[in-house]
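As you go down the protein sequences, you meet chains A and B in turn. Using my numbering, read the first sequence as starting at 1152 and increasing by one per residue. Using my numbering, read the second sequence as starting at 8 and increasing by one per residue. Okay, so here's the structure we're looking at.
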Amino acid sequence: MERRPVKFEVILAGFGGQGILFAGNLLAQAGMEAGLRVTFLPVYGPEMRGGTCNCTVVLSDREIASPVVTRPRALVIMNLPSFEKFVPRLKPRGLAVVNENLVPRERAAEFPGRRFLFLPADDLAEEEGAPGLANMAALGALVAATRVVPPEKVLSGLQSLLPEHRRHLLEPNRRVFNRGYEFALRNSATASER
Amino acid sequence: MKPVLVKGSEAIALGALEAGCRCYFGYPITPQNEIPELMARELPKRGGVFLQAESELAAVNMLLGAVSTGVRAMTSSSSPGISLMAETFSYLAALELPAVVVNVSRGGPGLGGIEASQGDYFQATRGAGHGDYHFLVLSPASVQEAYELTAKAFELSEKYRQPAMILTDALLGQMKEPLLPRRLRVREYPKDWALTGARGRPARVLKSLFLGPGELRARNELLQKKYRAMRREARAEVLYAEGAELAVCAFGSLSRIVKEAVEMARKKGYPVAFVRPITLFPFPEKPFRELSLRGVRFLVVELNCGQMVEDVKLSVCGRAEVESFALPPSDLPAPEDIYRRIRRCLRKR
């Protein structure tokens, strides 16, 4: 586990429909509710369901200049194309939380000097009866492994973000988040070997 | 007061509502649809009017009609839509109407693309339509500033009886940051020109056709006098001027990336200042003039092929070297790209 850094940048990436933007937005909301400065930058382009999708979140206790980040401190990777695109940009000793249901573990060996936390995000969500919420499992793992925001702020952020007519999703989101969180507490990130 | 996490476009709409905007007219276009979306939701609740017009031409002419009655009103669009409105911009300026226009600009020319771009700097600051006129142009760099400058645009447009524009782009329009939706004091100015019905008073006329001898000349001189008076509203953010050898300049959302690059350079000990024009018209000449008198050089970074650099050159009048780092619309630059350019620029001497 790491001490909460002064400035933390994370890129969340996957395909459209995996809840990438929702997870990023939620992390920013949680950061704001924890009293941090935050920026949330969604990719912007003619995207579609099934296409690639990513967003950048910066959390800091000082003014944030650029919301655009080339070399993030952490990644949340939900599919293989995102792994190939973003892991090369990860800062040395940076952490990638990776969905091992869609990215083979052995690919980590290609990137020495980075730390990887593989978790079966889709399986965890499915076990909770919420197959669409793998994003929350990954976010839970990121929050546990980096302590960038207190987990209760993510849960209160969830309440702020979910509109009235989606309140029934609060409980499944919370459960899957907790599964990812607990998974990361039991399985620490491993550095890939040189 | 609790902050809310909103997009730049939403902050613009919230700023307009805070300023008492009563009418919105518009036609959908990416990347600014969050503005009409929020206005459509909020204006009817407040007894206002939201109207999706059949085209940009109709929308801007509805705006002209609404503001000529003295009501606070706005439209928003993105580059190609703004071009369509250009004819009426000229009339808004000629009639001296306090309309507020938002351009969440995108890449051009033509249909271009939908990425962040600053290619409309000339169009915004020089007046997009015909004749000798200017809009008052404000360019926010953060979500909070988008909120506050939009409210300010309403105030200044009434103060000077003058159309005002918020010029921003997809980067700020789409990104979210915490916004403190604090109460803003937006001053009211007498509207002894507004067309409110002439019962019990002499009729008022708003017109832009002047055919009598000397009339049009006098009209133009009056407008120019007003534009000169507006210079006192010029604003800029200036950082690290003390001991600087190079001032790096940028406006709008790109200035955030540039500021990061300046911070990187300063950490390495490079004597670099940061200048961000907040008003694009009137252009904040003063900090540029003052820095140039101290022998500071300039690097102007823009998401276009080099437009604001011309205003910087006019401001320093040949006293200082001005270099352009022009980034035509494509992917956004990284702070590191700009940092490398700063370093190269400093080593050249």
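We put the CB at the ideal spot given by N, CA and C, even for glycine. Treat the numbers as computed from the prediction; the structure is a model and nothing was measured.
Relative to the Cα of residue 1170/A, the nearest Cα in the group 1219/A, 1213/A, 1184/A and 1230/A belongs to 1230/A. For the segment 286 to 333 of chain B, the full-length alpha helix (DSSP H) segments reaching 4 residues or more read 292 to 300 and 315 to 323 along the chain. Look at residue 1159/A: its C-beta is not under 8 Å from any C-beta on chain B. Distance check between residue 353/B and each of 277/B, 294/B and 18/B places 277/B closest, using alpha-carbon atoms only. Going by DSSP, residue 98/B is part of the alpha helix (DSSP H) stretching over 93 to 101.
Put simply, the backbone Cα of residue 120/B is about 12 Å away from that of residue 36/B.
Measuring C-alpha to C-alpha distances from residue 253/B to each of 306/B, 296/B, 212/B and 284/B identifies 306/B as the nearest. Secondary structure of residue 28/B (DSSP, three-state): coil.
Residues of chain B whose Cβ lies closer than 9 Å to the Cβ of residue 1300/A do not exist, since the nearest Cβ in that chain is about 13 Å away. Beta bridge pairing from DSSP links residue 284/B with 243/B. The beta carbon of residue 194/B is closer than 8 Å to those of 162, 165 and 166 in its chain, skipping five residues each way along the sequence.
Chain A has no Cβ within less than 8 Å of the Cβ of residue 163/B. Within 9 Å of the CB of residue 1176/A, the CB atoms of chain B belong to 12 and 183, in sequence order along the chain. One alpha carbon belongs to residue 1246/A, the other to residue 1239/A, and they sit about 12 Å apart.
Contact check for residue 16/B against residue 41/B passes: the beta carbons are separated by less than 8 Å.
Within the same chain, 130 and 135 come within 8 Å of residue 90/B by CB-CB distance, once the 5 residues on both sides are set aside. For the pair of segments examined, the segment 258 to 268 of chain B was found not to touch the segment 292 to 302 of chain B: the number of CB pairs separated by less than 8 Å stays below three.
In this chain, the beta strand (DSSP E) harbouring residue 59/B covers 56 to 59. The Cβ-Cβ distance between residue 1294/A and residue 1332/A falls below 8 Å. For residue 1323/A, the enclosing alpha helix (DSSP H) covers residues 1321 to 1337. Rounded to whole angstroms, the gap between the alpha carbons of residue 43/B and residue 83/B is 8 Å. Only 1216, 1217, 1218, 1219 and 1221 from the segment 1210 to 1226 of chain A bring a Cβ to less than 7 Å from some Cβ of chain B. Apart from sequence neighbours up to five positions away, the residues of its chain that approach residue 78/B with a beta-carbon distance below 7 Å are 29 and 30, ordered along the chain.
Against chain B, a Cβ distance below 8 Å from residue 1180/A picks out 12. Annotated three-state conformation of residue 1238/A is helix, per DSSP. Under the three-state reduction of DSSP output, residue 1182/A falls in the helix class. Close partners of residue 1191/A in chain B (Cβ separation under 8 Å): 12, 182, 183 and 184. In this structure residue 38/B is buried. Its beta-carbon is surrounded by 16 or more other beta-carbon atoms within 10 angstroms. DSSP, reduced to helix, strand and coil, places residue 1160/A within a strand of the structure shown. Linking residue 98/B to residue 289/B through their CA atoms gives a straight-line distance of about 20 Å. The alpha-carbon of residue 198/B is positioned some 14 Å away from that of residue 209/B.
A direct Cα-to-Cα measurement between residue 1306/A and residue 1223/A gives close to 24 Å.
For residue 233/B, not one C-beta of chain A is nearer than 8 Å to its own C-beta. Here residue 1288/A has 1272, 1275, 1276, 1327, 1330 and 1331 as same chain residues with Cβ atoms under 6 Å from its own Cβ, once five neighbours each way along the sequence are excluded. For residue 1243/A, the CB contacts under 6 Å within the same chain, skipping 5 residues up- and downstream, are 1264 in chain order.
The DSSP assignment places 128 to 133 and 150 to 166 as complete runs of the alpha helix (DSSP H) inside the segment 125 to 172 of chain B, in order along the chain (cut-off: 4 residues).
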